[in-house]
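Student: Numbering (the numbering used here), first residue to last: -16 to 187.
Let me begin by handing over the structure; questions about it come next.
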Ligand code: HEM
């Protein structure tokens, strides 16, 4: 790729948000798994330290989320998250077909990156889903668990705290799965490190 073809896709504020968010979420996943699976006889990480770390990382990820949310409203980056419902499934299917049959034959992608298109349809769908539905849900349910007095006591005779904790765990697990797929997809392409370098320098 020549210098003229380089596109500045990831502004500094976005890279700062992404770095802090990625680190925070990694800590949340590790401490979350540790809390979920530790028992009296099998302790992965010290319980008190784990809870403290989980709470601190959760608060940091929540505050930094505002940076992403407001940044996407006031800057042109929000444009990449605009969504046209009509034809969405066809566009996503085209991208799935490309990943399944044509990617390894080094065929040209159906939705190449340009100044007007940073994400392919699958990326766009997963980023919108995670950033505008799952992450806000995890933040809201996490805050509720931090201040349990605001949680309804019982919902259809099920403990409100229990239900909130289970839903919080499921949403956290979805982010964990997203992260694995996200890193894998980011690593495939012309060279494995290309996208990671872009997220550090801002240039694609
Ligand atoms: C170690 C962890 C992570 C790595 C190595 C990583 C890597 C990357 C890379 C290389 C990109 C740019 C290329 C692309 O769009 O695929 C990217 C973009 C993005 N990542 Fe991650 N990521 C990580 C964690 C996360 C987490 C935890 C989230 C959300 C919960 C996330 C959400 C996003 C979003 C929304 C974008 C697009 C940002 C934009 O351009 O508007 N990432 N990531």
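Idealized CB from N, CA, C, for every residue including glycine.
Of all residues in the structure, which have a C-beta closer than 7 Å to any heavy atom of the ligand HEM, taken in chain order?
Tutor: -8, -7, -3, 1, 4, 5, 8, 9, 60, 63, 101, 102, 106, 110, 113, 114, 118, 158, 161, 162, 165, 166, 168, 169, 178, 179, 181, 182
Student: With 16 as the cutoff for other CB atoms within 10 Å, does residue 73 come out buried or exposed?
Tutor: In the chain shown, the residue the question calls residue 73 occupies position 90. Result: exposed.
Student: Return helix, strand or coil for residue 68, following the three-state DSSP convention.
Tutor: Counting from 1 along the chain shown, the entry for residue 68 is found at position 85. Coil, per DSSP.
Student: Going along the chain, which unbroken runs of the alpha helix (DSSP H) with 4 or more residues stay wholly within the stretch 30 to 86?
Tutor: 30 to 57, 71 to 80
Student: Does the beta-carbon distance from residue 8 to residue 162 come in below 9 Å?
Tutor: Along the chain shown, read from residue 1 onward, the residue named residue 8 stands at position 25. Along the chain shown, read from residue 1 onward, the residue named residue 162 stands at position 179. Contact: yes.
Student: In the DSSP assignment, find the unbroken alpha helix (DSSP H) run with residue 1 in it and report its ends.
Tutor: Sequence index remark: in the chain shown, residue 1 carries index 18 (1-based). It spans -5 to 20 - the alpha helix (DSSP H) in which residue 1 sits, taken as one unbroken run.
Student: Which class does residue -9 belong to by DSSP, given the choice of helix, strand or coil?
Tutor: Sequence index remark: in the chain shown, residue -9 carries index 8 (1-based). Here residue -9 sits in strand by DSSP.
Student: In this structure, does DSSP put residue 137 in helix, strand or coil?
Tutor: Numbered from its first residue, the chain shown carries residue 137 at position 154. Under the three-state reduction of DSSP output, residue 137 falls in the strand class.
Student: Roughly how many angstroms separate the alpha carbons of residue 137 and residue 65, rounded to a whole number?
Tutor: On the chain shown, residue 137 is found 154 positions in, with the first residue counted as 1. On the chain shown, residue 65 is found 82 positions in, with the first residue counted as 1. Each residue's alpha carbon lies about 38 Å from the other.
Student: Could you give the distance in angstroms between the alpha-carbon of residue 97 and the alpha-carbon of residue 112?
Tutor: If you number the chain shown from 1, residue 97 lands on position 114. If you number the chain shown from 1, residue 112 lands on position 129. If I take the Cα positions, the gap works out to 22 Å.
Student: Which residues share a DSSP beta bridge with residue 142?
Tutor: Within the chain shown, numbered from 1, the residue matching residue 142 stands at position 159. In DSSP, residue 142 forms a bridge with 137.
Student: Take residue 79 and list the residues in its own chain whose beta-carbon comes closer than 8 Å to its own, dropping the five residues that flank it on each side.
Tutor: Here residue 79 refers to the residue found at position 96 when the chain shown is read from its first residue. For residue 79, where only same-chain residues beyond five positions count, the Cβ hits under 8 Å are 105.
Student: Which two residues bound the contiguous alpha helix (DSSP H) that contains residue 110?
Tutor: Position 127 of the chain shown, counted from the start, is the residue given in the question as residue 110. First-last of the alpha helix (DSSP H) with residue 110: 104 to 112.
Student: I need the boundaries of the alpha helix (DSSP H) containing residue 188, first residue and last residue.
Tutor: An answer regarding residue 188 cannot be provided, because it is not within the stretch -16 to 187 covered by the chain.
Student: Measuring only the C-alpha atoms, how far is residue 173 from residue 108?
Tutor: Residue numbering aside, residue 173 sits at position 190 when the chain shown is read from its first letter. Residue numbering aside, residue 108 sits at position 125 when the chain shown is read from its first letter. Rounded to the nearest angstrom, the two C-alpha atoms are 23 Å apart.
Student: Could you check the C-alpha separation between residue 168 and residue 36 for me, to the nearest Å?
Tutor: For this step, residue 168 is matched to residue 185 along the chain shown. For this step, residue 36 is matched to residue 53 along the chain shown. About 29 Å.
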